[in-house]
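Novice: Chains as they are written, first to last, in the numbering used here: chain A, 218 to 335; chain B, 2 to 114.
1) Quick check on DSSP: helix, strand or coil for residue 83/B?
2) Leaving out five residues before and five after residue 239/A in sequence, what residues of the same chain have Cβ atoms less than 6 Å from its Cβ?
3) In this structure, does DSSP put residue 68/B in helix, strand or coil?
4) Taking its Cβ as the centre, do 16 or more other Cβ atoms sit within 10 Å of residue 243/A, making it buried, or is it exposed?
5) In chain order, what residues of the same chain have a beta carbon less than 7 Å from the beta carbon of residue 104/B, not counting five sequence neighbours either side?
6) On the CB-based measure, 16 or more other CB atoms within 10 Å of its CB, does residue 302/A come out buried or exposed?
7) Alpha carbon to alpha carbon, what distance is there between residue 45/B and residue 322/A?
8) Note down, in chain order, every chain A residue with its Cβ under 7 Å from the Cβ of residue 102/B.
9) Just by C-beta distance, which residues in the region 26-54 of chain B are closer than 9 Å to chain A?
10) Using beta carbons (cut-off 7 Å, strictly below), is residue 71/B in contact with chain A?
11) Which first and last residues belong to the beta strand (DSSP E) in which residue 251/A is found?
12) The beta strand (DSSP E) with residue 31/B in it runs from where to where?
13) Looking at the C-beta of residue 61/B, does it have a partner C-beta in chain A at a distance below 7 Å?
14) Using a 10 Å radius around the Cβ and a threshold of 16 neighbouring Cβ atoms, would you call residue 29/B buried or exposed?
15) Entirely within the region 268-295 of chain A and at least 3 residues each: give me those beta strand (DSSP E) ranges in chain order.
16) For a quick check, are the C-beta atoms of residue 48/B and residue 60/B less than 7 Å apart?
17) Give the range of the beta strand (DSSP E) segment to which residue 228/A is assigned.
18) Using only the alpha-carbon positions, how far apart do residue 330/A and residue 253/A sit?
19) When the cut-off is 7 Å and only beta carbons count, does residue 106/B lie next to chain A?
20) Expressed to the nearest angstrom, what Euclidean distance is found between the alpha-carbon atoms of residue 265/A and residue 276/A?
21) If we call anything under 7 Å between Cβ atoms a contact, is residue 96/B one with residue 7/B?
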């Protein structure tokens, strides 16, 4: 149980285009979803936290107009990288939690999406 | 400042050998500590989770220990296998009322035949 999927698993796009990444909780309802970015040989960096039906909360330094997050249902969140540039190339990982604020609740991670912007 | 530090940064061992990874944290107030395994190009997978009152937790060949007084944790891998080659990440949660995970930088383990 507690499976999280991401689509696509990898994407290559031209600079200036927008890319949408989907994150789905397959066997549970995800009240809260998280989006992380990971650069080579570095740890995961939290970009934003989203709760179903409300606006995402972005971490300091993350441009909300650049990284659009939509958590429209309890099983789906999307991250859209708008006007992507080569510096946006990274490994994007989502995670999901079923609770609504319980301390220390487990996050279940997706397999990640590799984005390469040419 | 809440921080999680791991050592060593990288480690190479021969198949069948044991190894121990270290995690020191300054997160306060402490809620729980998790060890994750992350294969290259994949998302992290949970190995163990420990709360303040737990000293040790096992998951197959993986055994995690926690000393909440010294704010240290270790992950011991027994009889390593080639498939153990991965990054191991120590993650600490604070009792801040949010889900936020505080990630260590990870230990990259390479198991050689």
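Ideal Cβ positions, reconstructed from N, Cα and C, are used throughout, including at glycine.
Specialist: This is what the structure gives:
1) On the second chain, position 82 is the one that residue 83/B refers to. DSSP places residue 83/B in helix when its eight states are reduced to three.
2) As a first step, residue 239/A is located in the first chain; it is residue number 22 there, counting from the start. Taking residue 239/A as the centre and dropping the five residues before and after it, the same chain places the C-beta of 224, 295 closer than 6 Å to its C-beta, in chain order.
3) As a first step, residue 68/B must be located in the second chain, where it is residue number 67. In this structure, residue 68/B counts as strand in the three-state DSSP scheme.
4) Here residue 243/A corresponds to residue number 26 of the first chain, with the count starting at 1. Taking all protein chains shown into account, residue 243/A has fewer than 16 neighbouring C-beta atoms within 10 Å of its C-beta and is therefore exposed.
5) Mapped onto the second chain, residue 104/B falls at position 103. Result list for residue 104/B: 5, 90, 92, in chain order.
6) Locating residue 302/A in the first chain gives position 85, where the first residue counts as 1. Exposed: under 16 other Cβ atoms inside 10 Å.
7) The residue given as residue 322/A occupies position 105 in the first chain. The residue given as residue 45/B occupies position 44 in the second chain. C-alpha separation (whole angstroms): 16 Å.
8) For the purposes of this step, residue 102/B is taken as the residue at position 101 of the second chain. Listed along chain A, the residues sitting closer than 7 Å to residue 102/B by beta-carbon distance are 324.
9) So the close ones are 32, 33, 35, 37, 39, 42, 43, 44, 45, 46, 47, 50, 52.
10) Counted from its first residue, the second chain places residue 71/B at position 70. So no, residue 71/B is outside the interface.
11) Walking along the first chain from the start, residue 251/A turns up at place 34. In the DSSP annotation of this structure, the continuous segment of the beta strand (DSSP E) that includes residue 251/A starts and ends at 249-255.
12) The residue given as residue 31/B occupies position 30 in the second chain. Unbroken beta strand (DSSP E) run through residue 31/B: 31-39.
13) Residue 61/B sits at position 60 when you count from the first residue of the second chain. Cβ-Cβ to chain A under 7 Å: no for residue 61/B.
14) Position 28 of the second chain, counting from 1, holds the residue named residue 29/B. With fewer than 16 Cβ atoms within 10 Å of its Cβ, residue 29/B is classed as exposed.
15) Under the rule that a run must span 3 or more residues, the beta strand (DSSP E) segments found entirely inside the region 268-295 of chain A read 284-290.
16) Against the second chain, residue 48/B aligns to sequence position 47. Against the second chain, residue 60/B aligns to sequence position 59. Yes; because the gap between Cβ atoms is below 7 Å, this pair is in contact.
17) Walking along the first chain from the start, residue 228/A turns up at place 11. Secondary structure note for residue 228/A: its beta strand (DSSP E) is the uninterrupted segment 227-230.
18) Taking the first chain and counting its residues from 1, the one referred to as residue 330/A is at position 113. Taking the first chain and counting its residues from 1, the one referred to as residue 253/A is at position 36. The alpha-carbon atoms of residue 330/A and residue 253/A are separated by roughly 10 Å.
19) For the purposes of this step, residue 106/B is identified with residue 105 of the second chain, where counting begins at 1. Yes, because at least one Cβ of chain A sits closer than 7 Å to the Cβ of residue 106/B.
20) Along the first chain, read from residue 1 onward, the residue named residue 265/A stands at position 48. Along the first chain, read from residue 1 onward, the residue named residue 276/A stands at position 59. Cα to Cα, residue 265/A sits roughly 6 Å from residue 276/A.
21) What you label residue 96/B is simply residue 95 of the second chain in a count that begins at 1. What you label residue 7/B is simply residue 6 of the second chain in a count that begins at 1. Not in contact: residue 96/B and residue 7/B (Cβ atoms no closer than 7 Å).
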